[in-house]
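Take a look at the structure set out below.
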Amino acid sequence: MNKPVILTGLRANNDLHIGNYFGALLPMVDMATNRSDEFQVNLFVPDLHSFTTPIDHSELQAQIMHNLKIYAAAGLPLDNASIHIYRQSYVPAHSELTWILDCFTGFGEMQRMTQFKDKTAKLGDDRNSVGLFNYPVLMAADILLYGASYVPVGDDQSQHLEFARDIAERLNNKFGELFVIPKPVKGQHEFFGKDQGLRIKDLVDPTKKMSKSDETGKGVIFLGDDPEIAAKKIMSATTDNEGAVHLDFNKQPGISNLLQLHALLSGETLEAVVEHHNGQTSYGDLKKEVAEQVQEFLTEFQTRLANVDEQALLKKLESSEAAMNEQANTTLLKVQKAVGLR
Ligand code: ATP
Ligand code: MG
């Protein structure tokens, strides 16, 4: 019997920060590793999705491999047969199924997608591609080809997941059981634990979260930062005038953020870290400890990244892509037969 499928896209850029690392990368690596006994875990690079809005194409190829290496450096196992790591464009069935699904998708249905409306408002009509319009259909194909039940989605993707369910049901009703229907958004949240709430704050303005699109980057620790410069960013983090270390995200957001980082970087519990610093009247010690830990963490991470076994990674991609082509083509053939192409 086939195992149920968990599927997720590995979106990552050169400039991921420690918030992304602790809030997204590590949980995904843990999820893949821990669930792979019971589930088939599909982790794919949505490379066809990556130029729905304009990008520098001379960088895409390097970017894709860099993304994959970041995940490997974060601990994604390359030798687990239940975890498949693949590039979307290496499985042509994604594009083929998209076309077929397109012909059963309403124009208005796509026009109502919030993300499309938001992005078009920003870009203006002339720079809007049909690819951007069509993005949710490709996403539906990504999911339905493998019969994935569980797809972790952020709020911005919920509507797209609902569409994947709709189009699957629509075709199942018309042609008989072609697709596994992915679990509804609520079921996804129950399964993955909705928003574990971890939000690393910006070091300059600790009332907002650390974001890679931040303009100055002064309050952001990027995974590619020079470790010494990153340590300096910690040393000059905004704190407050309370004059005592307490964990209080409302009253002392800067200090609380540093305590949080301290815990994540040291692997100690937040309680233990708070206990250790509680009531200290100067912030210097806390800053120094976190600065050292950040420096050490980045040095280690960057070494791991430089040492990722590229041959092993390529071999993994090759074997996963062969297996995924087989699975995806089985679904595609069913659909092709149903619509009369075969
Ligand atoms: P952008 O500014 O482009 O929105 P971002 O830093 O918010 O970038 P996203 O690409 O939106 O990053 O999110 C990638 C993943 O990282 C998501 O799972 C998101 O929940 C998580 N994440 C983003 N910022 C933080 C943060 N400050 N702390 C913890 N997790 C975060
Ligand atoms: Mg964001």
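For the sequence shown, this note's numbering begins at 17 and goes up steadily by one. Just so it is clear, CB atoms sit at the ideal spot from N, CA and C, and this is done for glycine as well.
- Beta-bridge partners assigned by DSSP to N58: L23, H100.
- Pairing G235 with L277, the inter-Cα distance amounts to about 13 Å.
- In this structure, the alpha-carbon of L348 lies about 6 Å from that of L113.
- Take L333, set aside five residues on each side of it, and the residues of its chain with a beta-carbon closer than 7 Å to its own are I101, Y102, R103, in chain order.
- Secondary structure note for A260: it is in no alpha helix (DSSP H), with a DSSP letter that is neither H nor E.
- DSSP places A164 inside the beta strand (DSSP E), whose first and last residues are 164-166.
- Listed in chain order, the non-local C-beta contacts of H82 below 7 Å within the same chain comprise N30, local neighbours out to five positions each way being set aside.
- Within the same chain, L219, G270, L274, K303 come within 7 Å of A253 by CB-CB distance, once the 5 residues on both sides are set aside.
- Relative to ligand 1, G39 has its C-beta within less than 8 Å of a heavy atom.
- In this model, D242 and K190 are separated by some 57 Å (Cα to Cα).
- Excluding five sequence positions before and after A40, none of the CB atoms of its chain fall closer than 7 Å to its own CB.
- In this structure, DSSP gives K224 a state outside helix and strand, which the three-state scheme calls coil.
- Look at M226: its beta carbon is less than 8 Å from one of the heavy atoms in ligand 1.
- For the alpha helix (DSSP H) assignment, the uninterrupted runs of no fewer than 4 residues enclosed by the stretch 100-164 are, from N- to C-terminal side, 109-118, 123-127, 130-139, 146-160.
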